[in-house]
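A quick write-up on the structure given underneath.
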Amino acid sequence: MQKAQGYSNTRTYDLVLTAILIALVFVATVFLNIKLPIGANGGLIHLGTVMLFLSSILFGPKKGAIAGAVGMAIFDLMAGWVLWAPFTFVTRGLQGYLVGKLAWSKGRQGDSFVVNLLATLLSVPVMLIGYYLCEWILYGNAITPFASIPGNLVQNAVGIAIALPLSAVLKKMNITAR
20 MQKAQGYSNT RTYDLVLTAI LIALVFVATV FLNIKLPIGA NGGLIHLGTV
70 MLFLSSILFG PKKGAIAGAV GMAIFDLMAG WVLWAPFTFV TRGLQGYLVG
120 KLAWSKGRQG DSFVVNLLAT LLSVPVMLIG YYLCEWILYG NAITPFASIP
170 GNLVQNAVGI AIALPLSAVL KKMNITAR
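Each residue of the sequence shown is one higher than the one before, counting from 20 in the working numbering.
So, in structure tokens, the structure goes:
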């Protein structure tokens, strides 16, 4: 019975933590965003990207992928970007998974600043390609999506600039320990 109870507690903890991370991504996306006056489509910088990176670096690929995918897809649904939601789910899920997988590779648990930086940088093309394909499909034009790339780059740069130092501080505080 003791073993079953421990397994149940771990699953409950993981479920609650994942739900909290989803909520943090959503809240950071909703309440902390700036519309950019770039190109016809503009762009949106939000701190949901910071939370996606933090979730992935601090808690690994699965939680990072789920938090980014679900949190930002819910934002799209609630903000009237319904057609974008499936693309956001896939794109941000892949981005979160990649960051977490690299940050937690070779026994690291998001402890290496250099690896975390590399992981976040390598995830940027995933987002760029995902949203480029989304716009191409939604707008029926392969040229129009290029206008969104500068805003997406700025969004990722802000996310990296905030998430990396913050993750280092949170790691030192042992925030991920149970």
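A virtual CB, placed ideally from N, CA and C, is assigned to each residue, including glycine.
query	result
Residue 67 to residue 30 span [Cα, whole Å]	25 Å
Per-residue burial, residue 127 [other beta carbons within 10 Å of its own, 16 or more giving buried]	exposed
For residue 135, the three-state DSSP class (helix, strand or coil)	helix
Three-state secondary structure (DSSP) of residue 160	coil
The region 33–41 contacting the region 77–88, beta-carbon criterion three pairs below 8 Å	yes
Continuous beta strand (DSSP E) stretch holding residue 53: start and end	52–55
CB-CB length for residue 152 against residue 114, believed under 8 Å	Not a contact, Cβ separation roughly 14 Å.
Residue 142 versus residue 91: straight-line alpha-carbon distance, rounded	16 Å
Sheet register partners of residue 117 (DSSP bridge)	According to DSSP, which records beta bridges pairwise, residue 117 is partnered with nothing at all.
Residues bridged to residue 64 [DSSP beta-bridge criterion]	53
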